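Taking it in order: structure first as structure tokens, then the write-up.
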Amino acid sequence: MGLKWSILIKLFIVQYLSVLCLAREKEDGFDFFYFVQQWPGAYCDTKHSCCYPKTGKPAADFGIHGLWPNYDDGSYPSSCDPDSTFDKSQISDIMTSLQKEWPSLSCPSSNGYRFWSHEWEKHGTCAESQLDQREYFEAALKLKEKVHLLKSLKKAGIEPNDELYSLESIKKAIEDDIGFAPFIECNKDSGGHSQLYQVLVCVDTDGSTLIECPTLPRGRCGSEIQFAKF
């Protein structure tokens, strides 16, 4: 009986140390980013509706939602440094670009600071070993230039006109243009119809190099989805 307990205790210690090592490894870094863009027509065309920014109605284009560090196993770090708070002075010279490319549609209407602060403090602080606050927002803006989703879709004849398009045709249009397969996320309009909401592509830890996604989020769209007007 004593030998069995000794073996069990040793196995428990080994497993415990393995968990600690894994946790420490994850604290020290992450594996890749999701770069997420959202379609404003789908954000606004729900029961919750939306509020335009104080700068006015955004352009009919995909807007940045965030640049999110992730692990290859599908988990992700969050709010990694409570002492690293959002500092708008660090992005003052790119404010106009952020207002255009990364607008907030949540209510009440805002100047964007609340949205950007949330994204930095929840996600950006977990990438601080690679990108400081200024570099984080600048990296997202540069990725928006590289991954121009509306242009990719329009090349394939896919327009935001409330029509239905096959999910596969949307994915193919983007992959043909940027060279990497996207993940499509849908939501439902006020009538309960599935619509194109967000597009995720994967980016290396440098914050600039597109890669194939090591893992994909949960969630499914129907085979036919609506591309809402805005």
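All the letters of the sequence shown, read from the start, carry residue numbers -23 to -1, 1 to 207 under mature numbering (1 follows the signal peptide of the UniProt record, and there is no 0). Just so you know, even glycine gets a beta-carbon here, dropped at the ideal spot from N, CA and C. Quick caveat, the model's predicted, so the values are computed rather than measured.
Contact check, F7 vs P54 under 8 Å by CB: the rounded distance? Indeed, because the Cβ distance is near 6 Å, the residues count as touching under 8 Å.
8 Å Cβ cutoff met for C163 and L177: No, they are not a contact pair.
What are the start and end residues of each continuous beta strand (DSSP E) run of 3 or more residues lying completely inside the region 24 to 89, in chain order? Taken in chain order, the complete beta strand (DSSP E) segments of 3 residues or longer contained in the region 24 to 89 are 40 to 47.
Let me know the secondary structure DSSP gives H170 once reduced to three states. Under the three-state reduction of DSSP output, H170 falls in the coil class, being neither helix nor strand.
I need the straight-line Cα distance from T32 to N88, nearest angstrom please. Using only the alpha carbons, I get a separation of about 7 Å.
S146 and I161: beta carbons closer than 8 Å? I161 is positioned such that its CB atom lies no closer than 8 Å to that of S146.
So what's L187 in DSSP terms, helix, strand or just coil? Strand at L187.
To which residues of the same chain is L193 closer than 7 Å at the C-beta, ignoring the five residues directly before and after it? Cβ neighbours of L193 beyond the five flanking positions: F160.
Within 10 angstroms of its Cβ, does H100 collect 16 or more other Cβ (buried), or is it exposed? Buried, by the Cβ-count rule.
Would you mind stating whether P191 and F9 have Cβ atoms separated by less than 8 Å? Contact flag set, yes.
S94 vs F63 beta-carbon contact at 8 Å: Result yes, Cβ atoms of S94 and F63 sit closer than 8 Å.
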